[in-house]
Amino acid sequence: MITVIGSANMDLVVGTENFPNQGETVIGTIFDTVPGGKGANQAIAAARLGGEVHMACCVGNDLFGTSIVDNLQQNNIDTTSVLRVNEASGIANILLSEGDNRIIVVPGANSLLMPSHIDAMEEVIKKSKLVMLQLEIPIPTVIYALAKCQAIGVPVLLNPAPARGFELDMMPSITYLTPNETECEQIFGMDMIDALEKYPNRLIITLGSDGARYFDGERHIIVEGFKTNVVDTTGAGDTFNGALAHGMVTGMDLEQAVRFANAAASLSVEKFGAQGGMPTFEEVESRLEGRL
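With the sequence shown counted from 1, adding 89 to any position gets you our numbering.
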């Protein structure tokens with residue numbers, strides 16, 4: 090079982106032909122509300138691949154909160170650790186244009202996920218093969234969860250986004266860290282190569298369409314990405330992380346799991362919405378075999 094401790098939002102998605110300049114108003118082409126949040130996205134990415142997934146998060150006692158929980162359950166995710174709180178559900182305002190995205194997150198209920206909640210789900214953590222964390226919930230809760238997992242002996246995959254919340258003191262408790270190139274530089278303040286060599290087989294840096302890379306202790310492993318027709322890049326990183334987690338708990342070695350995650354991420358950008366394009370296991374296998 091994979092346990093995800095993280096954020097769950099409602100994404101408010103707006104599309105336009107060109108990003109507006111400061112002070113400029115432009116006409117939009119699309120608007121939609123779709124469930125999101127890095128925690129929920131990564132949980133759904135793993136669940137779509139056939140994994141058993143448990144989600145821990147906080148959502149509001151509002152319509153968005155109800156929709157978020159319903160969506161998790163429809164994706165066969167265990168929601169017994171989801172708390173409904175008296176706070177508006179978190180939202181992400183996502184602007185899509187020119188094949189890219191710009192995102193503003195309002196944490197809302199996510200800010201109420203406390204260390205006491207981690208204590209309450211200790212038995213769940215003990216049953217987990219892997220715990221996934223991100224940085225869209227309070228950092229003290231992330232640090233507490235890391236310590237809890239380390240004490241129990243459960244490996245942790247942490248996706249350090251947004252990177253400004255990361256603290257280097259977290260590293261001893263993290264099994265796998267998955268920043269992109271920009272996040273890596275923000276976190277370590279050093280050249281990517283030096284950072285990789287400092288954390289062999291633990292630091293996996295995502296490179297967008299170029300794939301991902303890590304250092305195995307002797308050589309740098311570059312796992313190439315897949316050609317794809319980009320529709321919406323939102324959620325590609327979350328798909329990568331959910332697929333990487335699935336690969337690790339199902340017995341793949343690190344290189345196999347990264348290649349599997351690259352294939353899943355390449356499929357995710359071909360459809361609209363963070364969760365809309367997240368693929369099934371069969372679809373990922375087809376891409377790996379060159380059939381899709």
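Every residue gets a Cβ at the ideal spot worked out from N, C-alpha and C, and that includes glycine.
Remember, predicted model here, so these are calculated numbers, not experimental data.
Anyone know if the C-beta pair for P249 and P268 falls short of 9 Å?
yes
Can you say whether N130 is buried or exposed, counting buried as having 16 or more other CB atoms within 10 angstroms of its CB?
buried
Span of the alpha helix (DSSP H) around P229
I228 to I241
Helix, strand or coil at R137 according to DSSP, with G and I counted as helix
helix
Evaluate S178 with the Cβ neighbour count: other Cβ atoms within 10 Å of its Cβ, from every protein chain shown; 16 or more gives buried, anything less gives exposed.
It counts as buried.
Per DSSP, cross-strand counterpart(s) of S96
DSSP, once it has assigned bridges, lists no residue as partnering S96.
Residues in the same chain with beta-carbon distance under 6 Å from E286, minus the five sequence neighbours each way, listed in chain order, please.
F304
Along the chain, which unbroken stretches of the alpha helix (DSSP H) at least 4 residues long are found entirely within the region 142 to 202?
152 to 163
Going by the beta-carbon positions, is the gap between V158 and V171 smaller than 9 Å?
yes
Write down the C-beta distance between N164 and I133 rounded to the nearest angstrom, noting that I regard them as a contact closer than 8 Å.
So it is a contact: roughly 5 Å between Cβ atoms.
Restricting to Cα atoms, I'd like to know which of L247, V213 and L224 is closest to I241.
Checked all of L247, V213 and L224; the closest Cα to I241 is V213.
Buried or exposed: G331, going by 16 or more other Cβ atoms within 10 Å of its Cβ?
Flag for G331 reads buried.
Minimum C-alpha distance to S262 - residue among D151, V319 and V220
Among D151, V319 and V220, the Cα nearest to that of S262 belongs to V220.
Under the three-state DSSP convention, the category G366 falls into
coil
Just mark I319 as buried or exposed, buried being the case when its beta carbon has 16 or more other beta carbons within 10 Å.
The question names Ile, yet the displayed sequence has Val at residue 319. Under this definition V319 is an exposed residue.
From the DSSP output, which residues share a beta bridge with D121?
When beta bridges are read from the DSSP output, D121 appears opposite V102.
Cβ pair G95, L222 closer than 9 Å:
Cβ distance < 9 Å, so G95 and L222 count as in contact.
Do A334 and L246 have their C-beta atoms closer together than 9 Å?
yes
Local conformation of A250 per DSSP, three classes
coil
Does the Cβ-Cβ distance between G197 and G139 come in under 9 Å?
Annotated as distal: G197 and G139, with beta-carbon spacing of 9 Å or more.
Determine the DSSP secondary structure at T271, reduced to helix, strand or coil.
helix
Which of the three DSSP states is assigned to T295 in this structure?
strand
What would DSSP say about I91, mapped onto helix, strand or coil?
The three-state reading of DSSP puts I91 in strand, counting E and B together.
Under a three-way DSSP split, which group does I214 fall into?
helix
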